[in-house]
Each structure stands twice: as C-alpha cells, then as structure tokens.
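Colleague:
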Amino acid sequence: MQCYVLILLLAICTCVQCTNAKTARHSFGYEGENGPSHWGEDYDTCKGKYQSPIDIEEHLVTQVELPAIKFEGFKSEPTTNTLTNNGHTVMLQLNMTKMASLSGGPLHGNYIFTQLHFHWGSNDSQGSEDTINNHTFPLELHMVMYKETYGSFDEATRHKDGLAYLQYSMRYTMKRIRTRHLYFTYNGSLTTPPCLEVVTWIEFKMPILLSHSQIEAFRKLKSEEGFMTHNFRPVQPLEGRPVWFNVMDKENNAPVLQQTMGFMLVSMLLIYMR
C-alpha cells in the first residue's frame, strides 16, 4: 500500500505544472466571500439540515454488524484516464474495461464508481473533512459512486440514496497501525455546492500512512487564485442523525480493500506513462 501511495504522489509532484495549467473556472471557494459560510447564499441546499462533513463522536455511535463490502471490476485495466485540477481539488476519472462497482455494507443495491478526489489543508493539523472525536487528518480521499438503478450520476443526485462516498483519511506517522478496515457510516450530503443530501458516507477508521513530503505534494497544486492549500468544508451540525460503526470485518475484507485502493492509486500514475 505504501509503495502505491508513494508512486501516486511522485506523479503529482512531477506534474504540478501540467495540472496547474488548465484549471476550470469555479463559482465557489473556501475563503472570504466565496467561502463555506456564504455557500448558502447561492445554493439553498447548502443550508439543509443533514449536511456533511460531521464530527464523529465515538462514544455516541451505534455498533452494528453489516454485510461485507464487495468490490467488483476494480482490477480491470482503465481504457482512458482523466486527471483534472478543477480549481477546488485534483480529480481522477477512469473508464474501465469492466464496470467497477460496490455493494454490501450499509448500501442497498449496486453502486458504480465514477471518480475520486482529495481534500487537504495548509499544514498537517488540518485538511480532512469529517473528523473523529474532533481529530483531523492532513489529507482525505473520496471515492465517489452512484446507484446503478438510476442510470447516471446526474439522475442519482435526485434521489436520497443516489450516491455513496468512500472516505479514506491519510496522515503522517512513523508508527505502524493495524489495517483492519472497520468503518463508520451515516447519511449526509455532498461537501461542496450544491450540497445535495443524497450521500451514504462510509468512513474507514484506520488511516493510510504517508510521509510529510508526500502530503506536501498536494499543497504545491495551484488554482487561478494561487496555491490550493485549503479545500475542506468545516464540520456541520449532526442534527440528531444516527452514526453507525461496523464492528465486523467479515470474509477477510481488509485485503480486498487494500488491493482496491492500490489499484486506484496506481491508475493515477498511468496517466503520465501513456
């Protein structure tokens, strides 16, 4: 896993200039008049009751035993890859030879992979969006899925169960941590405008471990306003929502998750090799 992450971040460091060169124009930001506290002025749904991210207080979660999370098609080779700096984040989209999908866990139905992206901060004390016991991480990865029943991402955003986001926190440490993929799950929203409340969040408890220099590579990316060093939304009120913690690691699912993450990260490197 660590080798895969290193390869990914070396690729990002190498191509900072090419990803900076063509950033998309954008209508919201993370500071000043375009910052999160003003999103609701242009997007009413950002003032909704069940917003994300949240702070997860472990002593308040409900423990459950959910079915195993199942990944399908993630080992197939991408036919095309698109890496985009959209002015808010760096986002990877893959067209797979076999459709990549996710099912099981808290999900009802099959969810199709559409893209992954990152959130980070200006230093190692901030960057992640969801927090655990008010603890933040310097970098966070989101894998975005839409429910197959709805046929497309856009259509899925019109339904309460339309999207699933897998969240992996990343941190700098020299310590070795067990990689059992226990996870929290709750219902919430997109963390960027229009903040639609259509997301089932699956947040893995154990972080991916990186070096300081690897995380620093993301802070060298630029938007039209300068370096992208702060692209996370502050935590939002829980408003009585239940948060569940899966206590079962059924069918030795952790190796499958690690293989999947490794594939996704290596795929980013392929963009620069073709």
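Letter by letter, the sequence shown follows residues -18 to -1, 1 to 256 in mature numbering (1 follows the signal peptide of the UniProt record, and there is no 0). Yeah, the Cβ is synthetic: ideal placement off N, Cα and C, and Gly gets one too.
Sort T113, S195, M73 by Cα distance to F186 and report the nearest one.
Modeller: Here the closest residue by C-alpha is T113.
Colleague: Figure out for me which residue from T44, D37, N16 has the closest Cα to the Cα of G69.
Modeller: It is N16.
Colleague: Where does T61 land, buried or exposed, given buried means 16+ other C-beta within 10 angstroms?
Modeller: Classification of T61: exposed, given that the 10 Å Cβ count is below 16.
Colleague: So for I190, helix, strand or coil by DSSP?
Modeller: Strand, per DSSP.
Colleague: Where does N77 land, buried or exposed, given buried means 16+ other C-beta within 10 angstroms?
Modeller: With fewer than 16 other Cβ atoms within 10 Å, it is exposed.
Colleague: Beta-carbon within less than 7 Å of L178's beta-carbon, same chain only, minus the 5 sequence neighbours each way: which residues are those?
Modeller: Cβ neighbours of L178 beyond the five flanking positions: T27, T139, S171, L172.
Colleague: So, at 7 Å on beta carbons, what are the nonlocal neighbours of T131 in its own chain, with the 5 sequence-adjacent residues on each side left out?
Modeller: The answer, listed in chain order, is G91.
Colleague: Taking the beta carbon of H41 as the centre, do at least 16 other beta carbons fall within 10 Å, making it buried, or is it exposed?
Modeller: Result: exposed.
Colleague: Spatial neighbours of residue 275 within its chain, please: C-beta separation below 8 Å, excluding the five flanking residues on both sides.
Modeller: Because the chain is modelled from -18 through 256, residue 275 falls outside the range shown and cannot be assessed.
Colleague: Can you give me the Cβ contacts of G22 inside the same chain, cut-off strictly under 8 Å, excluding the 5 residues immediately before and after it?
Modeller: Result list for G22: C28, K29, in chain order.
Colleague: Inspect the beta-carbon positions of T211 and R201 and report whether they are closer than 7 Å.
Modeller: In contact: T211 and R201 (Cβ atoms closer than 7 Å).
Colleague: So, using beta-carbon positions, are S110 and F119 closer together than 7 Å?
Modeller: Yes, the pair counts as a contact, with Cβ atoms nearer than the cut-off.
Colleague: Within 10 angstroms of its Cβ, does F209 collect 16 or more other Cβ (buried), or is it exposed?
Modeller: Exposed, since its Cβ has fewer than 16 Cβ neighbours within 10 Å.
Colleague: Which word fits H194, buried or exposed, when buried means at least 16 other C-beta atoms lie within 10 angstroms of its C-beta?
Modeller: Result: exposed.
Colleague: Identify the continuous beta strand (DSSP E) that holds E130 and give its terminal residues.
Modeller: E130 -> no beta strand (DSSP E), and no H or E assigned at all.
Colleague: Nearest CA to the CA of V180: which residue from E198, M127, G103?
Modeller: The shortest Cα separation from V180 among E198, M127, G103 belongs to M127.
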